[in-house]
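Using full-length UniProt numbering, read the sequence shown as starting at 1 and increasing by one per residue. By construction, the Cβ of each residue, glycine as well, lies at the ideal position given by its N, Cα and C atoms. Every value quoted in this text rests on a predicted model; they were computed, and no experiment measured them. Take a look at the structure below.
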Amino acid sequence: MNSAAVKSGPGPETVAHLQSTFSRNMKSGGELDLDADALELITFVETHGQLDKTPELTKSNAPAAEHRSAGNRLYRERKLNQALVLYNESICHAEAGSDQLAMGYANRSAVYFEQGEYEFALY
Numbered sequence: 001m002n003s004a005a006v007k008s009g010p011g012p013e014t015v016a017h018l019q020s021t022f023s024r025n026m027k028s029g030g031e032l033d034l035d036a037d038a039l040e041l042i043t044f045v046e047t048h049g050q051l052d053k054t055p056e057l058t059k060s061n062a063p064a065a066e067h068r069s070a071g072n073r074l075y076r077e078r079k080l081n082q083a084l085v086l087y088n089e090s091i092c093h094a095e096a097g098s099d100q101l102a103m104g105y106a107n108r109s110a111v112y113f114e115q116g117e118y119e120f121a122l123y
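Now the structure itself:
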């Protein structure tokens, strides 16, 4: 993850400006005038640039393996819900088409099977 290009979120002045814009553009019925809000927001972003830069996340089998291994420990301790969380994290990190991805799905399926969630075990 490249954190050099990451800057913090919008400052208090930006938030105050956007809140002011939305409240000013309220219609009499209490609904937002979305066209006016969108135009104001587009103009603001064009003037001030992107509000927040988010880092690009990449897939990596190393953290996938760590999460899956931790999930396996919890599975052996019969802490199935906690293991399920770690298996899901493993799946999120695993590279497409990798053994880690396949094993993450297999481990998650085993938890669902143990919980009697047979339909979920298929996915």
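Quick test of your reading: residue i and residue j, contact by CB under 8 Å. State the CB separation rounded to the nearest angstrom.
i: E40; j: H67; result: The pair is not a contact, with the Cβ atoms about 43 Å apart (cut-off 8 Å).
i: L86; j: G97; result: Contact doesn't hold; Cβ gap of about 21 Å is too wide.
i: E46; j: L80; result: Not a contact, Cβ separation roughly 50 Å.
Can you say whether residue i is buried or exposed, counting buried as having 16 or more other CB atoms within 10 angstroms of its CB?
i: Q100; result: buried
i: I42; result: exposed
i: V111; result: buried
i: G104; result: buried
i: A102; result: exposed
i: A83; result: buried
Between the Cα of residue i and those of the options, spot the shortest distance and give me the residue it belongs to.
i: L74; options: A102, N107, E119; result: N107
i: S109; options: A121, E77, A62; result: A121
i: L57; options: E77, Y123, S20, E95; result: E95
i: A65; options: I91, F44, G49; result: I91
i: H48; options: E13, R76, S69; result: E13
Is the CB-CB distance between residue i and residue j below 8 Å?
i: S60; j: H17; result: no
Closer than 8 Å, CB to CB, is residue i near chain C or not?
i: V111; result: In the structure shown, chain C does not exist; there is a single protein chain.
Alpha helix (DSSP H) runs wholly inside the region 37-97, at least 4 long, in chain order: If one requires a minimum length of 4 residues, the alpha helix (DSSP H) runs lying completely within the region 37-97 are 61-76, 80-93, in chain order.
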